[in-house]
Amino acid sequence: MPDLYGVAASAWHNGDLAGAAAMAKLILEREPGHVGALEIVGIVLLQQGNVSAAYGALRRVAQVQALSETAQCRLAEAAQASGHSEEAFRALSRARLASPGFQPALLKLISILISEGEVSEALVLADRIVQTGSRDASVFALRGGLRRRAKPAKSSKSDYVRAHVLAPEHTGYLFQCMVAAQWSGDPNGAERLLQRYCYYYAASDPRGWEAYFDLLDHRRRRHEATRHLKRALVLEPGRAETWRRMSNAEWQSPSIGFAEIAMAVSDPSDPIAWVRVLAAMVGCSEQQDRLAQIYIRAEKAAPSAPSVRWSLAKLTHTVNQPAEAERHIRLYFQEVTAALDGRYSDARHDGGMVDFLYYLMFRGEADLCRHYVPRVNPSAGGNVEAAQRLLELRLVLQMVDAYRADAHIWQSGPRRIVSVPVWGAEYVDMWLKYGLASLFGEQNRDYWREGETVFQIFSTPEDWARLQSAPLFQQLGQQFVAKFIDVTPVLEAGMASESYKALLLSHWTSIFIARDEDADFMGLVADYIFADGSLSTLADLFEDKGKHSAFTVDFWVAMAGTGSYDLARSNDGTLSVSMREMLDIFCSHTSSRIHFNEAGPELDSIPSDPSRIYSRIPNGMRIDNLQPQLFYARPEVLRNLWSMRFPMTDNGLVDMIRAASDSFDDMEMLVDGDLFGCTVLDFDEEHRAATGYYPSRMNSTDPVQDLAAQISRSHLWSRGREWALQHPLYVTNDAKPPQSAVADEFMERVSLRLRNPAPIQSIDRMRDISLPILDAFLAEIKAPASPLQEE
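Numbering (my numbering), first residue to last: 8 to 798.
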């Protein structure tokens with residue numbers, strides 16, 4: 008018998024699986040309980056994919072060899088593959104008891120935990136492997152991935168760096184270093200790593216060049232980025248997604264022929280591709296026959312593809328065919344609801360369905376939206392952008408529901424809902440010490456005594472407890488109602504830039520609640536500090552002058568300026584900083600971000616992100632904000648907002664509010680430094696400057712032309728942003744009128760180089776035609792026979 012087993016074992020080690028299995032079966036015929044033969048049979052069966060048979064054999068081996076970590080790991084592998092997860096977990100636990108540092112057992116256990124969503128527990132085991140002195144690059148890469156999923160993204164970058172050092176031949180680790188740098192808020196580091204990856208390590212990897220394009224595009228440098236997408240296309244000409252993206256990239260000389268080729272190659276069966284071809288070819292009289300053919304092709308696909316139907320509506324409206332646009336819009340609403348009600352099983356779950364849900368949410372139909380959201384495939388047909396919007400909508404509805412479970416019962420008016428997104432110990436302390444304290448300065452506190460105010464505190468349970476225990480919060484909390492809304496689900500949803508996303512979704516949650524409860528909305532951030540008396544100015548604007556919305560302009564103060572604020576602190580802990588004192592603090596302690604956003608005729612560079620423009624003048628600074636921050640809005644404006652996404656409250660909301668107000672007359676830019684002051688503390692500015700959080704500088708030989716071009720390239724020119732540019736904020740260091748002639752002339756020349764802002768398709772062109780049709784359609788589907796009523 009020993010000789011037969013030796014032959015079987017030798018055959019297995021030499022790769023002769025059939026010979027080893029045959030010999031092991033012969034042994035088992037003579038001695039059914041032979042552990043060695045059972046082990047060979049189980050291993051061979053496992054390698055052949057016969058997991059259920061392998062599980063039975065390896066289970067018997069593991070029962071005999073209870074202290075063998077190898078036997079237990081093999082059993083775990085077979086058990087997991089055959090669906091016995093609990094047995095796999097127990098086997099791996101026995102392997103760890105037999106040999107606590109046995110890496111294969113820990114890795115298999117991590118795999119099981121990941122499959123069950125237990126990322127935190129998996130990370131603990133990965134830490135244990137590293138602590139045992141492992142120098143396996145794959146272990147560090149594994150831990151890096153777990154850390155990125157468990158939130159500490161900065162530490163995941165260090166793991167990928169170590170993996171790259173240990174195995175430099177594995178180019179994937181360097182790529183993951185770049186991804187981790189982006190996730191951790193270090194775009195400068197990500198760009199350096201991408202340069203190294205694309206030019207020196209993996210020049211033939213199209214994935215790297217696409218990532219390079221994405222990074223530069225995100226940094227408002229698409230004019231530099233397109234060539235990288237071209238390289239990806241050359242390297243992988245058969246990839247449909249790259250062709251699709253190439254057709255949407257910015258071209259200096261757009262080619263209609265290329266647009267058609269790109270769409271045809273990207274996916275000739277995808278109807279939305281042909282709609283893009285139509286959009287690219289509109290206006291070409293010599294292509295009318297071809298346009299008609301493509302239009303018919305797209306029209307046939309529209310009933311089962313909501314995105315196509317919606318795109319045809321936009322396209323026909325653009326080319327001044329309002330009747331045809333109305334027809335498409337009516338069909339769009341009918342077809343989407345039919346699909347969501349289960350009456351059209353062939354319909355695509357694409358971005359068009361998600362658009363419909365946003366329609367409902369913005370029209371105040373939260374219940375109907377909540378009814379339909381679970382019926383849409385979370386992947387949105389593979390459209391990453393649409394899937395992201397669907398996830399954001401789910402999260403907003405979840406936070407609205409959390410508030411509704413303990414909603415405030417209003418007793419009087421006026422009503423105010425104040426959105427306060429604040430989490431992280433340093434930001435909680437900052438808001439308590441400066442933000443909250445300034446809201447209740449000596450001249451600001453009277454503002455809160457009239458009517459009712461609900462502070463919606465978006466935070467984590469730990470930070471909410473921290474706030475509640477703070478003496479100042481307890482003292483001032485008697486003047487408002489505080490409602491806690493847990494933001495943890497947003498932070499843990501696996502989205503990039505999770506804190507930024509949580510901030511914007513928090514504000515939108517408050518906007519929808521304020522709209523539905525007929526309350527004013529005020530949006531705060533933890534690092535806002537208000538000058539004393541600013542809130543009485545706000546009351547005058549809204550109560551006496553009839554304004555409906557107000558926007559602030561950022562002027563950033565370095566953390567070194569907090570000492571000056573502390574000098575204005577009262578005995579009760581509140582902060583009473585006069586308007587003049589606040590301007591002086593800004594002039595003495597301007598954040599380093601001012602340099603990155605500076606522009607002027609004497610400079611040889613411009614900011615890559617011109618959303619904020621700071622121009623120095625002899626006695627201070629002119630500040631222009633092309634992304635004014637929505638600070639305050641009345642419910643009548645909120646009820647008329649409409650969008651297909653949730654932008655940040657400083658990212659295009661000026662145009663949404665203008666459309667909702669139908670005029671700029673009801674809007675106010677808070678730029679009178681004698682009446683209103685709101686500085687922003689720039690937390691951790693040294694790190695932000697080093698990592699690329701601030702814009703990069705772009706060389707310029709003609710600052711006027713180059714700045715105007717960058718504003719256009721960055722899609723920062725619209726009617727609302729033009730209005731904002733007409734309302735600069737002047738900050739002087741001597742309490743005298745601003746000596747701004749040179750800066751004013753420079754910005755006037757920049758604005759003259761910009762063309763008249765075109766209407767925004769999603770805001771200006773479609774709302775007037777689509778919203779009345781939607782309202783009429785909603786009246787129909789909300790009738791007693793509708794599926795919502797029946798449920």
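Idealized CB from N, CA, C, for every residue including glycine.
Roughly how many angstroms separate the alpha carbons of residue 782 and residue 323, rounded to a whole number?
When rounded, the separation of the alpha-carbon atoms in residue 782 and residue 323 is 21 Å.
Looking at C-alpha atoms only, which residue of 136, 187, 762 is the closest neighbour of residue 151?
Per the Cα distances, 187.
In terms of residue numbering, what span does the beta strand (DSSP E) encompassing residue 616 cover?
Per DSSP, residue 616 belongs to no beta strand (DSSP E) and is neither H nor E.
Going by DSSP, what residue range makes up the beta strand (DSSP E) through residue 563?
Taken as a continuous stretch (DSSP letters only), the beta strand (DSSP E) holding residue 563 covers 562–565.
Considering only C-alpha positions, which residue in the set 153, 139, 135 is nearest to residue 125?
Ranked by how close their Cα comes to the Cα of residue 125, the residues 153, 139, 135 have 153 in first place.
Can you list, in chain order, the residues of its chain with a C-beta nearer than 8 Å to that of residue 98? Leave out the 5 residues immediately preceding and following it.
Exclusion of the five residues before and after residue 98 leaves 69, 79, 80, 82, 83, 86 as the residues of its chain whose Cβ lies within less than 8 Å of its Cβ.
Decide yes or no for the touch test of the stretch 722–732 against the stretch 621–629: beta carbon pairs closer than 8 Å, at least 3 of them.
In short, these stretches do not touch, since the Cβ pair count stays below three.
Output needed for residue 778: all residues of its chain with C-beta closer than 7 Å, excluding positions within five of it in sequence on either side, in chain order.
Only 649 meet the Cβ criterion.
With H, G and I counted as helix, E and B as strand and the rest as coil, what does DSSP make of residue 496?
Residue 496 falls in the helix class under three-state DSSP.
Between which two residues does the beta strand (DSSP E) containing residue 629 stretch?
Following the DSSP letters along the chain, one finds residue 629 inside the beta strand (DSSP E) bounded by residues 627–632.
CB-CB under 7 Å to residue 731, same chain, minus the five flanking residues each way: which ones, in chain order?
So the list reads 632, 633, 635, 661, 676, once near-sequence residues are dropped.
Taking 9 Å as the CB-CB limit, is residue 223 close to chain B?
No chain B appears in the structure shown, which is made up of a single protein chain.
Rounded separation between residue 598 and residue 686 - CA only:
Taking the straight line from one Cα to the other gives about 11 Å.
Under DSSP, the alpha helix (DSSP H) around residue 473 begins and ends at which residues?
Per DSSP, residue 473 belongs to the alpha helix (DSSP H) from 468–476.
Ends of the alpha helix (DSSP H) at residue 727?
Per DSSP, the unbroken alpha helix (DSSP H) holding residue 727 starts and ends at 726–732.
Quick check on this structure: which residue in 523, 64, 575, 380 has the alpha carbon closest to the alpha carbon of residue 343?
With respect to the C-alpha of residue 343, the residue from 523, 64, 575, 380 having the closest C-alpha is 380.
State the DSSP-derived secondary structure class of residue 682, mapped to helix, strand or coil.
Residue 682: coil per DSSP, three-state reduction.
Of the listed residues 490, 64, 444, nearest to residue 406 (C-alpha basis)
Taking only the C-alpha atoms, the option nearest residue 406 is 490.
State buried or exposed for residue 241, treating a residue as buried only when at least 16 other CB atoms are found within 10 Å of its CB.
A residue is called buried when at least 16 other Cβ atoms come within 10 angstroms of its Cβ; residue 241 does not meet this threshold and is exposed.
Rounded separation between residue 501 and residue 494 - CA only:
If you take the alpha carbons of residue 501 and residue 494, they lie about 13 Å apart.
Of the residues 450, 444, 414, the one placed nearest residue 579, counting alpha carbons only:
Looking at the Cα atoms, 444 is the closest of the given residues.
Between residue 591 and residue 571, is the Cβ-Cβ spacing less than 9 Å?
Closer than 9 Å, so yes.
Length of the line joining the Cα atoms of residue 39 and residue 52:
When only Cα atoms are considered, residue 39 and residue 52 end up about 17 Å apart.
Taking Cβ to Cβ, would you say residue 361 is nearer than 9 Å to residue 315?
Cβ distance not < 9 Å, so residue 361 and residue 315 don't count as in contact.
Could you spell out where the alpha helix (DSSP H) holding residue 408 opens and where it closes?
Residues 391–411.
Under 9 Å, do residue 354 and residue 299 count as touching if we go by C-beta distance?
Going by beta carbons, residue 354 and residue 299 fall outside the 9 Å limit.
Can you find the residues in the same chain that come closer than 8 Å, C-beta to C-beta, to residue 750, ignoring five residues on each side of it along the sequence?
Listed in chain order, the non-local C-beta contacts of residue 750 below 8 Å within the same chain comprise 607, 622, 623, 624, 629, local neighbours out to five positions each way being set aside.
Could you check whether the stretch 543–556 touches the stretch 464–484, counting it as contact only if at least three pairs of C-beta atoms, one from each stretch, sit closer than 8 Å?
No: the two stretches stay apart, fewer than three of their Cβ pairs being nearer than 8 Å.
To the nearest angstrom, report how far apart residue 25 and residue 76 are at their CA atoms.
Here the alpha carbons of residue 76 and residue 25 stand approximately 26 Å from one another.
Hey, residue 448 and residue 581 are a contact pair by Cβ (cut 8 Å); roughly how many whole angstroms apart?
Yes, they are in contact, since the Cβ atoms of residue 448 and residue 581 sit about 5 Å apart, within 8 Å.
Less than 9 Å separating the beta-carbons of residue 497 and residue 402?
Yes, the pair counts as a contact, with Cβ atoms nearer than the cut-off.
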